[in-house]
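Structure first, then comments.
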Amino acid sequence: MLRHLLTLALLLIATHAHALTAEDVKGMTLGETEARIEALGKAAANADDKTAAFIQALADDAVKTKGDKVFVVRDDKAFDAVTGAALSLPPDAEDVINPNLMRSELDNALAALKLFSKDDKVRAAAIKTLSADNDEARLPLIEKAYAAEGVPALKSQLELVRAAILLGSSDKAKRLAAAAQLSVSKDPNTKTILLERIGKETDSDVKVALQAALAKVDASLEWGNRLGAIFSGISLGSILLLVALGLAITYGLMGVINMAHGELMMIGAYATYVVQVLFQKYLPAAFDWYLLAAVPVAFMASALTGAALERSVIRFLYGRPLETLLATWGISLMLQQGVRSIFGAQNVGVENPVWMSGGVQVLGNLSLPYNRLVIIGFAIAVLLGMAWLISKTRLGLFVRGVTQNRPIASCMGVNTARVDTYAFALGSGIAGLAGCALSQVGNVGPDLGQGYIVDAFMVVVLGGVGQLAGTVYAAMGLGILNKFLEGWTGAVLAKIAVLVFIIIFIQKRPQGIFAMKGREV
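Number 516 marks the last residue of the sequence shown (the numbering used here); no jumps.
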């Protein structure tokens, strides 16, 4: 009965708006829960801006009482709910307690008020809230909002909410029509609604229709799950590609087993964090563009660290893989401890700019986050830039010449020591770019690189040592394969399965996906 009163009252919102009265305020605040709900329904029928604001204050637990006086408290200041005048809050004023039933009615009342908002986002949020309440008493309100809605997407959502409510109708024809309408839904909540109704339905014809609708919804959601797994795989593959591109130079082209590659990524991530802090402190108005400044800073920080590493240690260990591995492993531990000493052992948070927050809702169960989309595009840009640098520039020519035949390149006048430093710095800088990208999808900490170094080596070896095309195929293949296996076996078994696959593949084809040909061998 109370729900019907509230719904009928809310139907008058769009056409009648009267001032909030002291009686309305006391009725919604004082007394038993049922009486308060009834007063809420009556007040909502006269909903003006002050009424909506007071209902919101009740929902926010921002209302206190002293005797029969009601105070709205915001920012430690008390106001009169009717006039908005500032008041002195008595020290013994008591909080208004909202039981679960009252809180539910407040939420639904606010959602109903917002169904007629001029803001599309506000109406969308209201529809989402009301979709969880399938009370048939809401039907007149939903139909009124449906008739007034001008945005096709929101109108379609209201239509589904209406159909979900009609599933509980006593009219068999309405239930059959609602089942047919819900069968085209791509919302995961629809599956839950259908399952609940199938358990309660007694009519065999309606039950068959509900089961058919559930099968169609399941098929639609399954496509969303598959596309979601593919996107997640591409996203993971793009991150692996960024990590492995640096190794494709330092290991693939130069033959250096650099166990500190993950820590060079970590340096790039911390460089991004430092740029973020500087923008927050000195350029808060331009904070949303800090990432554009962080990209070159991350590249240079890791590149300079890599150049120093090559000139001080690596240059003396060329052709000695075991010593290189042990030396770079020790350096990785030193870099980790250095970061702990400067920034602390706890992870630090790097915020996404506003333009990287949110995502694109493709299907009901498939959303593409903007930060992942940007990273995929960033990985493609870095790959194209690196391919151009290696194949089209003088530095790339020298790197390829030194890699293929160092003595002959030296005889031709190439400064091989300088080329080694440039190449190692380039690979390290790309690792810094990978760290910058990783900072946008997770926390930054001293152990950041340890979770990716093994996967990066697997990508380079699987793709073919020194082959950029192979690195791309291997990164994307492993990313997608890993995500599909996770859906069937879980994360741990998926990792094991991928590792077993790589071992078998390398046994059959040691040169990787793409092998060097002709004189390059």
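Built from N, CA and C at the ideal position, the CB exists for glycine as well.
Could you check if residue i is buried or exposed, using at least 16 other CB atoms within 10 Å of its CB as the buried criterion?
i	result
Arg69	exposed
Pro441	buried
Tyr277	exposed
Asn477	buried
Gly446	exposed
Thr187	exposed
Thr78	exposed
Leu15	buried
Asp415	buried
Gly325	exposed
Leu5	Residue placement at Leu5 is poorly supported in this model, since its pLDDT is 44, which falls under 50; the coordinates are not used for a value here.
Ile425	buried
Ile137	buried
Ala420	buried
Ile498	exposed
May I have the straight-line CA-CA distance separating residue i from residue j, to the nearest angstrom?
i	j	result
Met260	Arg504	30 Å
Ala264	Thr245	20 Å
Met407	Asn253	29 Å
Val449	Leu235	10 Å
Gly266	Ala303	Here residue 266 turns out to be Ala, not Gly, going by the sequence shown. For Ala266 and Ala303, the distance between alpha carbons rounds to 17 Å.
Glu515	Leu384	Reliability of the predicted coordinates at Glu515 is poor, the pLDDT of 45 falling under 50, and the value obtained from them is presented with this limitation in mind. Their backbone Cα atoms lie some 19 Å apart in a straight line.
Lys387	Val456	25 Å
Thr197	Ser215	26 Å
Gly437	Gly444	12 Å
Leu473	Ser434	22 Å
Leu378	Tyr417	18 Å
Gly22	Gly485	54 Å
Glu262	Leu480	Note that residue 262 is Ile in the sequence shown, not Glu. Roughly 32 Å between the two C-alpha positions.
Asn347	Ser307	36 Å
Met544	Leu368	Here the chain has residues from -4 to 516 only, and residue 544 is not among them.
Phe500	Phe274	47 Å
Pro183	Gln51	29 Å
Tyr313	Val272	39 Å
Asn410	Val270	35 Å
Asn93	Asp56	8 Å
Met329	Glu305	16 Å
Gly257	Ser297	11 Å
Thr10	Gly26	Legend: pLDDT at Thr10 = 43, less than 50; position of this residue unreliable, no value from coordinates given.
Ala255	Val357	40 Å
Val439	Met381	25 Å
Gly62	Lys116	39 Å
Leu317	Ser336	29 Å
Ala47	Phe338	47 Å
Val487	Lys45	55 Å
Check whether the Cβ atoms of residue i and residue j lie closer than 9 Å to each other.
i	j	result
Ala54	Ser233	no
Leu153	Ile370	no
Ile160	Ala173	yes
Leu189	Leu231	no
Ser423	Gly301	yes
Arg310	Ala412	yes
Ala88	Phe66	yes
Ala288	Val454	no
Leu105	Thr124	yes
Lys150	Ser178	no
Ala243	Leu108	no
Ala208	Ala175	yes
Give the C-beta separation of residue i and residue j to the nearest angstrom, bearing in mind that I take them to be a contact with Cβ-Cβ under 8 Å.
i	j	result
Asp90	Lys59	6 Å
Lys568	Val201	As shown, the chain starts at -4 and ends at 516. That puts residue 568 outside it, with no answer to give.
- Are the stretch 358 to 377 and the stretch 221 to 238 touching by the rule of at least three beta carbon pairs closer than 8 Å? Yes, the stretch 358 to 377 is in contact with the stretch 221 to 238.
- Message: Assess contact between the stretch 285 to 301 and the stretch 206 to 224, defined as three or more Cβ pairs (one per stretch) separated by less than 8 Å. Is contact present?
- Response: No: fewer than three Cβ pairs fall under 8 Å.
- Cβ contact check for the stretch 92 to 107 and the stretch 24 to 39: 3 or more pairs under 8 Å: Verdict: yes, contact present.
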